[in-house]
Structures are given as C-alpha cells and as structure tokens.
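Peer 1: Sending over a structure as structure tokens; questions will come in a sec.
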C-alpha cells in the first residue's frame, strides 16, 4: 500500500479500504461478528488494489466488542488473470458467433454485417468496418468502405463519399506499405503521423486497430476497429484474436469470390452448352448418359429425360451397337484419352435418319480411373447428303467419261473390224465365185472322161483317185469359204456399235457376234458351252449390249488361268430375258463382290484394267431398265446374270409421255 505502521495509526479503516458506508459496515460487523469479502485498498500513490479481506471482532469477558482484527490478501494478479480470461472468453464467443454468421448466412453482405456486429461486441469497439482495395487509372491503388457496424451513439461513416474512393497516396502510404506486408496498424491516433491524424480525427477516432485481409494470397483490403470514447492500449492477446477475425473474413471473402466465379463460370458454361447448335453430353464409365444438352431434343425430337441414365447405345443403329458396347465393356480402355470423329446415325422420333460425328474426352482421377466422358456431337447430315451428292455426281462424271472413252474405243474397233471385213469380203467373194466355176468344170471333166475312157475310170483306177482328191479339196475349200463368210458377216454385225437407236433384235445373234470376236483368244484352252433357251426378239440397244457381252466374256477369259470353260445360258422367266455367263476361273472374294460395279475398282494388275468396264456394264443394263448381278466363290468361278425386260420400247414411251 505504500503506508508504514505510523502512517496507518489513527487512519480510519473506511478511508484505507474504500468502504462506501462505514456505519452500515460497522453495524453488520457487530451483528455478525465478522466479515469476509473483497474490498478496494487505496494505496499511498493513488492506486486501487483489490484485496480479499477477513475481519472478526474481539470481545471482553462480558461479551462486549472491544476491538476488531483482520487480514487482507492482495488479489490484483488473480483479478487481472480473471479479467484476461473473461476477455478471452468474450473474444472467443465473438469469434465463434462471427464464424457461425459467415458459415450459415447465404447472403454475402448480410453475413459480413452480422460478423462485424459480433466482432464489434467482442472487441468493445465503437465502430467496426471493412475496406476493399481497387485500382484506379487516375489515382492508383485506392480503398473503398464496403461494410460498417457502429455502437449506439457513434456516427456511421459508410455514407461518407470520401471513403468510397480514397487513394492510399493521399496520406496513407504508410498504411499501404504496412498492410501490404501483412502487418497490423494499432494504437492511439494521437501518436500517428499528422496527415493520418487529420483524416482519422475528423471521424472521431481516438484509438484504432486495422488488420489486412488477404484473399487468394493477395492483399484484398482491411478490417478496422475504432474506439471513439477513450484511448486504449491493446494487448498482444487483443491483436492476436482480432487477427484471427481478419483471417476468417479473408477466408470467407475468398470462398465467396470463388463461389461467385464458379457460379458465373457455370452459368456461362451452361449458357454456352444449352444454346450450342451441337449436342453436348457426358457419359458414365459404363456408357450411360449423365447429361445431354437441350439441342438433343431439337436434333432428334426425343425428350432429354428419356435418355438420362440410359445406355448411349440405345441411340445407335444395330450395326454400330456391338462395336460401341465392346468399347464400353472394357471400361473405356486405358490408352483412350480422346475419341475423335466417331460417326454414327440416329433414327429421330419422326423416323428420319440423321448422321452425327462425336468427339469425346475421357476424364480420369489422380489414380487414372475413368470418372466420365464429356463430348460434343455435331450433326453432319447435310454434309453427308452433300458428300453423297458430290460422290454421285463424280461417279456419273467418271461413268460418262468412261462411257465416252469406251464408246470411242468401240467405235474405233468397229471401224477397224468393218474395214477388215470389207477387205476380206472382196477376195472371199472372188474365191466363192471361182470355186463354183471350178466345181462345175471338174464335174464336166469327170463326165467327159467317163464317156471317153470308161474302161480306165473305175473305182480302183488312178484317174478315179485323182478325181476323188479334187472333189474332197473342193469340199474343204467350200467349207472354209463358208466359215470365212460367216465370220465376215458377224464382224460386220458387231461393227455396228455406234448405232444408238432402239432396235428389235435376236439377243443370241449379239452373243455369237461377240464370241466370234474373241474366238482366237479362247479356241485353244477354253470350251464355250451354249445353252440357249427360247427367247423372242425384243427391243434393245444392240451395240451397247454387245459391249456388255464383250466385257463380261473378256473378264471370264482372263479369270481362267489354264484349261477351262465358259457357259452361256439364256432363258425366259417372269417376262424377263435372262442371260447367264459363267466361268470356272479363280472367282471373286466376298469383300470385292461388294465393290465390283464401283467405278475404278479392279482386281487386275496395274496396266491390265481400268476398273471401268463393269461400271459401264451396270450403267448400260440400268439404261435398259434391267438388272445385273454377280455370284462368285474363290476357286470355283463366277456367274453374271443379266435380266432384261421384253418391252423396253413400251417402258421408254411411257416415261416419255410422263415427262
């Protein structure tokens, strides 16, 4: 207390112990015989110390109180510890309430206002607020007050226009440096630099604590606590607990900014996806749809909800299901990160077939396990149609060009054949004429010899033998001349390939004309077997049909490596003339059979064939409103079957009238 025993002698107890009502205290002491409680001791230097005091009375032999004695214990440290603990609990309750507000309040501003209120109460401050940094093109880094809570009777500053755009360069460069380093600013304003005092003093601030708020590793702004009633010195414990509050605010702002950015990104992505002209989708590792964008309904007519949770293979055509299911059943193979340009067709709700090309990215977790596939499907139906139209046009151009080339070749061949036939026809005519004269002369000579030398011309005479030799020679000459005449006639018939008009003809004559042309190529190793049925004469383009026969027979000849046969069979069935040309050559594989009539396709070596012959045959038969098919087996041979209508003239006339 600073007093010695002499100083205390004669001093009233109430003065030393700060008893507010000495008479009442004395009365209670006498009645109860003692006192136990806390009193404030006034020290000599003016301090007030809390003491735990025990006082009891002393009585004489008659029971009268003659004196009082007591003992007191300084409990200043205990009281300080209790106050610090109480303050810490107060702060922690405030921090807990602040945390609860930030976690449970969905609204950003409401959450910060509620959190500031709890921090205001916990810190026993006059004003709590948040400032946010921003860059100004004119003023550089600036601060702007965004949230504020004030105690009763304290003037708010949230509407102060100066605090909505305040550059750090205008007197607060020190704050910019300290807060930017992550350190706090605190203390009585009177001790601050003059330029800071002027601005802070105008707001009635006597003491202040300011902590930086960090968001995403960057200085976002600061949280501040003003004391406007009296100056105060804050302890390290105060600063530590309030820094925790600033960190909580920073984490909250960071999470909200992240949520906002995520929400904006999601909205932007959803807007892009839902308004995209392509179908966006996601599929689970087992191949089931987890998301399909609305464009799916626009493209197919199906409701998206019908396919969510369903296998993606439900959309595919039957021939593509097996391939896709095999891919999904392997769990989206390890080596696949992207599936590029997978084309598939879908039958829409109205029965239309539409083509799509899909690009799918495989998403994996850190362990490499497939999470899902995300992809985009682009409708390529119109492109497919254009490509098919282009391919068709290209095929038609190739066929037209091939037809033109083939026609020119056949016309040249026809001219050559006609020329050769003409050159042969003149001498063979002379041979036939002279042979007839020779036959008559030999007959007359034989008769004359028989009349003049009847005894020398007998069955065994030399002269008769000579006459028999001459007769046999004449027969052979006659047969050969007739054969040559037949060949010339067929060559002249085949030579009429440039005749474009429709004619009624005997199809067997066309076959024989063509066989005559290839006779030299096949006579030594190929047997020609004819099985001609009863076919009436019918309208066709004979020159073009001869072109078909020549192409198929040449292919058959080339397919027979050594000894073989070619069989030609004709018959009437279902009012159609059937012409079958078969060979026992090498045959054609199933794979090549599918492409046998495609322009440019050939199984022959380079320089042997152009791949246009059968394509032209197909076009010629189609032009006759007929059909040409092929059956073949490797190692066993090939059969081409041609079917021709008997009334082509009527068909063409009917189509002409329709147009």
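Residue numbers (this note's numbering): 151 to 809. Using N, Cα and C, we set each Cβ at its ideal position, and we do this for glycine too.
1) If you draw a straight line from the C-alpha of residue 468 to the C-alpha of residue 504, how long is it?
2) Compute the Euclidean distance between the alpha carbons of residue 807 and residue 801, then round it to the nearest angstrom.
3) For residue 676 versus residue 716, is the C-beta distance shorter than 8 Å?
4) Looking at the secondary structure, which residues open and close the beta strand (DSSP E) in which residue 175 lies?
5) List the residues that DSSP assigns as beta-bridge partners of residue 505.
6) Which residues in the same chain have their Cβ closer than 8 Å to the Cβ of residue 757, if we skip the five residues on either side of it in sequence?
7) Applying the 10 Å Cβ sphere with the 16-neighbour rule, what's the burial state of residue 355?
8) Alpha carbon to alpha carbon, how far is residue 765 from residue 521?
9) Under 8 Å between C-beta atoms, does residue 289 make it to chain D?
10) Specify whether the region 419 to 428 and the region 264 to 276 touch according to this definition: at least 3 beta carbon pairs, one from each stretch, less than 8 Å apart.
11) Which word fits residue 284, buried or exposed, when buried means at least 16 other C-beta atoms lie within 10 angstroms of its C-beta?
12) Would you say residue 698 and residue 770 are within 8 Å of each other, going by their C-beta atoms?
13) When DSSP labels each residue in this structure, what does residue 627 get in the three-state scheme?
14) Can you check DSSP and say which residues form a bridge with residue 218?
15) Please list, in chain order, all residues of the same chain as residue 265 whose beta carbon is under 6 Å from its beta carbon, the five residues on each side excluded.
16) Considering only the alpha carbon of each residue, which of 206, 326 and 710 lies closest to residue 281?
17) Would residue 491 pass as a contact of residue 462 if the rule is Cβ separation under 8 Å?
18) Spell out a yes or no on whether the region 331 to 342 and the region 356 to 363 are touching, meaning 3 or more CB-CB pairs, one atom from each, closer than 8 Å.
19) Since residue 229 and residue 200 should fall inside the 8 Å C-beta cutoff, what is the C-beta to C-beta distance between them, to a whole number of angstroms?
20) Could you pull out every residue in the same chain whose Cβ sits closer than 6 Å to the Cβ of residue 446, ignoring the five residues on either side in sequence?
21) Going by DSSP in three states, residue 744 sits in which element: helix, strand or coil?
22) What residue does the alpha helix (DSSP H) around residue 423 start on, and which one ends it?
23) Count the other CB atoms, across all protein chains shown, that sit within 10 Å of the CB of residue 621; report buried if there are 16 or more and exposed otherwise.
24) Between the region 722 to 729 and the region 784 to 794, do at least 3 Cβ pairs fall closer than 8 Å?
25) According to DSSP, is residue 768 helix, strand or coil?
26) Who are residue 690's beta bridge partners in DSSP?
27) Taking 8 Å as the cut-off, decide whether the C-beta atoms of residue 370 and residue 414 are in contact.
28) Quick one: grab the DSSP three-state call for residue 648.
29) Hey, would you say residue 638 sits closer than 8 Å to residue 702, going by beta carbons?
30) Across which residues does DSSP place residue 293 in a beta bridge pair?
31) Can you look up residue 511 in the DSSP assignment and give me helix, strand or coil?
32) On a CA-only basis, which of 381, 205 and 158 is nearest residue 194? Give me that one, please.
33) At a cut of 8 Å, does the region 733 to 740 reach the region 774 to 792 through at least three beta carbon pairs?
34) Relative to the alpha-carbon of residue 298, which residue among 160, 324 and 262 has its alpha-carbon at the smallest distance?
35) Starting from the C-beta of residue 204, find all residues in its chain whose C-beta is less than 8 Å away, skip the five residues before and the five after it, and write them out in chain order.
36) Taking the Cβ atom as the reference point for each residue, do residue 393 and residue 312 lie within a distance shorter than 8 Å?
Peer 2: Result, derived from the coordinates:
1) 15 Å
2) 10 Å
3) yes
4) Per DSSP, residue 175 belongs to no beta strand (DSSP E); it is in the alpha helix (DSSP H), 172 to 182.
5) 495
6) Any reading at residue 757 must be qualified, since the residue scores a pLDDT of 40, below 50, and its modelled position is unreliable; no value is offered.
7) buried
8) 51 Å
9) Here there is only one protein chain, and chain D is not present.
10) no
11) exposed
12) yes
13) helix
14) 207
15) 248, 251 and 252
16) 326
17) no
18) yes
19) 5 Å
20) 429 and 454
21) coil
22) 386 to 425
23) exposed
24) yes
25) helix
26) 653
27) no
28) Because the pLDDT at residue 648 is just 46, under 50, the model does not fix this residue reliably, and the point stays unresolved.
29) no
30) 283 and 316
31) strand
32) 158
33) yes
34) 262
35) 184, 185, 186, 220, 221 and 222
36) no
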